[in-house]
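For the sequence shown, the working numbering assigns the number 18 to the initial residue and increments by one for each residue that follows.
To start, the structure itself, in structure tokens.
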Amino acid sequence: MKSKIAIFASGRGSNSRAIIHYFKDHPFISVDCIICNRKNAGVFDVAEEEGVAAFHFGKEEFQSADKILELLKIRGVDWIVLAGFLLKVPSLIIGAYQGRMVNIHPSLLPKFGGAGMYGDNVHLAVLEAGEPKSGISIHWVDEGYDTGSLIQQFECIIEENDDLQSLKSKIQKLEHEHLPQLLESLIQNEKG
């Protein structure tokens with residue numbers, strides 16, 4: 018039986034698409050659904066184009082968590098990956114998926130993490146701080162913002178001429194290259 022992944026996303030869905038493509042014909046892992054908190058997010062277009070079920074839950078529904086947990090249970094979801102998801106995940110969901118929920122963050126945590134640090138905000142802060150490198154952090158989800166135990170980080174060098182767009186492009190390349198492979202490894206390790 019395949020392990021099923023649910024992707025929680027809030028934005029355009031570039032990471033969601035990369036994950037879906039990676040697991041499209043995978044022998045023991047599949048992307049079951051996408052859950053999003055923003056009605057008009059681009060990730061719904063990705064879901065439709067890729068033939069993956071997608072569900073919208075407003076902020077209040079996320080806070081109560083009951084309906085989301087019920088949906089995940091009915092669909093038999095085994096793993097959750099947060100890929101550009103901007104809401105804090107309620108403790109009920111974290112508890113139900115302890116050790117099976119990961120987040121990707123577009124910086125080398127603990128630097129440039131926490132509330133308000135997402136998307137362009139992160140990249141601009143990294144550039145303004147004059148950091149010599151940036152990267153991505155894949156970590157377990159806990160009840161804080163970007164505070165869960167690190168699983169792995171991947172780095173890129175920041176060149177003198179890098180700007181928001183070029184840094185963003187480097188980070189997305191790292192995300193698309195490493196997140197699906199690391200997910201596969203985590204799921205394989207759990208299966209034994």
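Beta carbons: idealized from backbone N, C-alpha and C, even for Gly.
Bear in mind that the values here come from a model prediction, so they are computed numbers and not experimental data.
| Asked | Found |
| --- | --- |
| Distance between beta carbons of residue 58 and residue 27, contact taken as under 8 Å | 6 Å |
| Residue 175, DSSP secondary structure in three states | coil |
| Contacts around residue 198, its chain only, beta-carbon distance under 8 Å, and the 5 residues preceding and following it disregarded | 39 |
| Local conformation of residue 139 per DSSP, three classes | helix |
| Assigned exposure category for residue 150 - 16 Cβ within 10 Å defines buried | exposed |
| Short Cβ contact (8 Å threshold) for residue 23 with residue 89 | yes |
| Residue 49, enclosing alpha helix (DSSP H) - first and last residue | Not the alpha helix (DSSP H): residue 49 falls in the beta strand (DSSP E), residues 46 to 53. |
| Span of the beta strand (DSSP E), counted from its first residue to its last, around residue 26 | 20 to 26 |
| Within 8 Å, strictly: CB atoms of residue 140 and residue 127 | no |
| Straight-line gap, residue 211 to residue 53 (C-alpha atoms, nearest Å) | Outside the modelled stretch of the chain, which goes from 18 to 209, sits residue 211, for which no answer is possible. |
| Residue 150 - containing alpha helix (DSSP H), residue span | Looking at the DSSP string, residue 150 is not in any alpha helix (DSSP H); the run it does join, the beta strand (DSSP E), is 150 to 157. |
| Segment limits, alpha helix (DSSP H) that includes residue 60 | 60 to 67 |
| 6 Å Cβ shell around residue 29 - same chain, five flanking residues per side excluded | 59 |
| CA-to-CA distance, residue 125 to residue 172, given in whole angstroms | 8 Å |
| Residue 74 versus residue 55 - alpha carbon distance | 8 Å |
| Runs of alpha helix (DSSP H) lying entirely within the stretch 74 to 147, each at least 4 residues, in chain order | 76 to 81, 83 to 92, 108 to 113 and 137 to 145 |
| Whole-angstrom C-beta distance between residue 107 and residue 80, which should lie under 8 Å | 6 Å |
| Exposure label - residue 188; buried when at least 16 CB within 10 Å | buried |
| Beta-carbon proximity list for residue 101, same chain, < 7 Å, skipping 5 on both sides | 26, 27, 28 and 32 |
| Whether residue 121 touches residue 159 by CB criterion (8 Å) | no |
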